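Heads up: the structure comes next, in structure tokens.
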Amino acid sequence: MQNEVKKLTKLVDEVTSLLMRSGSNDINVHIKRDDNLSTITIIDYNSSYPAEEIASLNDVLNIQRQCEVEEFYWELMGDDSHEDELFLVGSMVDNATVNKIGKDLHIVMHRYLTKCKK
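Positions in the sequence shown are counted from 1; adding 66 to them yields this note's numbering.
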């Protein structure tokens, strides 16, 4: 369970770092955990994230979860290029939604805890 907490915080770090590099100044993070599911909701208020990149972000966050990648590489997050880090985020979540609602960018990521258990 300790690794799960670390994985969640790394996911939050990667996405919030991406937003801050694009000029975001007002970000809210909400994490909800239960026995089977962790949900991370990130809202970037008055988002400056480029509109043309929102669909691409949604696509990369919705690649198929890859348990083998997650187990071996999650600790490397933060040590490589931004594109590789987003690939790792996408390979560690089961599904995600990325939507612009008004001026705010909403990112919701779900991780099912039983998916990659051995």
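C-beta atoms are modelled at their ideal positions from N, C-alpha and C, and glycine is treated no differently.
On a predicted model such as this, the values are computed, not experimentally measured, just so you know.
When C-alpha distances from T82 are compared across Q132, K181 and N94, the shortest belongs to N94. Cα atoms of E136 and D79: separation of roughly 16 Å, rounded to the nearest angstrom.
If you check the CB distance, D125 and L85 do not come in under 9 Å.
Unbroken beta strand (DSSP E) stretches of 3 residues or longer found wholly inside the region 86 to 153: 93 to 99 and 103 to 110, given in chain order. CA-to-CA, the gap between P116 and S122 works out to about 10 Å. In the structure shown, L179 adopts coil according to DSSP, grouped into three states.
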